[in-house]
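Chains as they are written, first to last, in the working numbering: chain A, 277 to 495; chain B, 277 to 495.
Reading through the structure tokens given below for one structure.
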């Protein structure tokens, strides 16, 4: 059916919208603002709190495939990295090279399926301190390069949210990491301003990533 | 962590909230109204449009297990049946005996895991006509009996929604099946009025279902 757009959003607690008293996060707000003349968008929220990019990659295609419809315009939105960069027992949960490789693998499979993708950068975790933010900012440039190579839109959010007073205040009065309705509204605005509606209307498929590159470091 | 409640909602398009312009459906509205003093509720929406009880059972534990936390208070909310009763090519998609057996199997596994469950009845599909509604109403009594036997709360909604003017008007001005924000608000109110908050506060585990009964017709 033309205009039957199905978007799976896969990622971590920020994708899930943890902390939002309205229980829809940035994903629900972006979908509410989406316009599809003569059609509709079905959204599937596949965010899981604490998920790293390893965990997202491991479950992605199994969960996404069940939610697609062969005749529909199927899409994937990916957002991870905040948990990868968290330090536990003296080392980060997932090393940046593997985060990049996981994204490359995901986008390679999207290209193989002819499935338009869009990547949203990792939101900051206020309670994780300045060293975590530095790691995320460094990861950002390399995630962007992976997206550019795959011809996939990239939405940077880390720096803007780290400086966003509402995001910071809500996170700090919450669990230290997750904002409330205001912070998620701000994140939704970043996604919308980065060309979301254009991507919904005409995503293009981007150049296919060279299959051989999937197993090698991404940048 | 005490007060760390995780609820997976599994089912069909009504669980997913298809048609809701706010993209949160009854699930998001019920979660917003939930109170957990000193704690929080994390919700996972595992609704997939067109899913029958066969499809829900096939994916349930794989998807639910990934979303649980060993130390958390993990719960399952199930709602299916509307798609089972839809006629395609001269027969219903899933015969009522199998719908009942699928629910029995799900609740048996919940009991085995000590995981509190709650079942919400199948919403009506206005465009499917009076014969479909009759099948759903007949299924209701038998689904309730399965729940009673398993000691699991049951929330009947079919008849109330079939008579709900807002639900009907929104479904009819939409795709014939799914309501908008008003209809989902009404469905959320039914769930809340049936003792949702009591179940959140003190679910009990219910008597275990006799293991041998899982493979036989439920009632």
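Every residue, glycine too, gets a C-beta built ideally from N, C-alpha and C.
Is there a Cβ from chain A that is less than 8 Å from the Cβ of residue i?
i, result
"residue 325/B", "yes"
"residue 369/B", "no"
"residue 284/B", "no"
"residue 396/B", "no"
"residue 335/B", "yes"
"residue 342/B", "yes"
"residue 378/B", "no"
Can you tell me whether residue i is helix, strand or coil according to DSSP?
i, result
"residue 318/A", "strand"
"residue 307/B", "helix"
"residue 458/A", "helix"
"residue 448/A", "helix"
"residue 442/A", "helix"
"residue 467/A", "helix"
"residue 364/B", "strand"
"residue 431/B", "strand"
"residue 453/B", "coil"
"residue 301/A", "helix"
"residue 296/B", "coil"
"residue 436/B", "helix"
"residue 312/B", "coil"
"residue 483/B", "Because the pLDDT of residue 483/B is 42, which lies under 50, any placement of that residue in the model is unreliable, and the number read from its coordinates should be weighed accordingly. In the structure shown, residue 483/B sits in coil (DSSP, three-state: anything other than H, G, I, E or B)."
"residue 343/B", "helix"
Tell me, please, whether the CB atom of residue i is closer than 8 Å to any CB atom in chain B?
i, result
"residue 299/A", "yes"
"residue 425/A", "no"
"residue 473/A", "no"
"residue 381/A", "no"
"residue 502/A", "Lying before the first or after the last residue shown, residue 502/A is absent from chain A, which here runs from 277 to 495."
"residue 467/A", "no"
"residue 294/A", "yes"
"residue 488/A", "At residue 488/A the pLDDT is 35, less than 50, meaning the model places this residue with poor confidence and gives no usable figure here."
Who are residue i's beta bridge partners in DSSP?
i, result
"residue 349/B", "281/B"
"residue 323/A", "287/A"
"residue 355/A", "287/A"
"residue 337/B", "Paired residue(s): none; residue 337/B is not in a bridge."
Beta-carbon of residue i versus every beta-carbon of chain D: anything under 8 Å?
i, result
"residue 449/B", "Protein chains in the displayed structure are A and B, and chain D is not among them."
Whole beta strand (DSSP E) elements within the region 366 to 427 of chain B, 3-residue minimum: 393 to 396
Under 9 Å (Cβ pairs) to chain A, residues found in the region 347 to 365 of chain B: none
Contact residues within the region 303 to 326 of chain B, judged by C-beta distance below 7 Å to chain A: 304, 307, 308, 318, 319, 321, 324, 325
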